[in-house]
Amino acid sequence: ATMEEEKFMENLVGLVKNKLQMYNSLEEECNSLWSEINEGRYDWEAYRNEADHLRSITKERVMTAFDDWLSPKCEQGNAKERRRLVVHVIGTSEGPASDGRPIIESDKLGKEIDQRVKAFHEAAGHATWGKIL
């Protein structure tokens, strides 16, 4: 079965709207930003960038990608060299990604924030919006 172009665009627009949705609370936004810091990505505009990239997606490109990478046979019925992607996620409850938001004593919070911001600036090659003195 094939998807109508209009239905594809509805799904694509829905995905973009989902990416551009505002945070429901300050806590939700804070958790999202801490997640970027803890995982070392520092991409504060990740959702906006993803939504921007979705603008270039077409139904034809999705179908071509599926045929090229996932389908064992192309539209003409010829056998293809299929690639497989298998992802296994095994939780260990170890490491910084499993820690969630860090627990920091209130008297050490300022120093911890300064250290993380300095680490960010160093990782970004100091090519950011400001300097830490």
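So the working numbering is basically just the index in the sequence shown, starting at one, shifted up by 622.
Virtual Cβ for every residue (Gly too), placed ideally from N, Cα, C.
If you're wondering where the values come from, they're calculated on a predicted model, not measured in any experiment.
Inset, instruction - Write down the C-beta distance between Lys641 and Glu672 rounded to the nearest angstrom, noting that I regard them as a contact closer than 8 Å. - result: That belief holds up - the Cβ atoms of Lys641 and Glu672 are roughly 5 Å apart, short of 8 Å.
Inset, instruction - List the endpoints of the continuous alpha helix (DSSP H) containing Ile659. - result: Leu648 to Asn660
Inset, instruction - Below 8 Å on the Cβ atoms is my guess for Phe742 versus Tyr664; work out the distance and round it to an integer in Å. - result: 6 Å
Inset, instruction - Would you kindly report the start and end of the unbroken alpha helix (DSSP H) that includes Asp736? - result: Leu731 to Ala745
Inset, instruction - Return helix, strand or coil for Asp690, following the three-state DSSP convention. - result: In the structure shown, Asp690 falls within a helical segment according to DSSP collapsed to helix, strand and coil.
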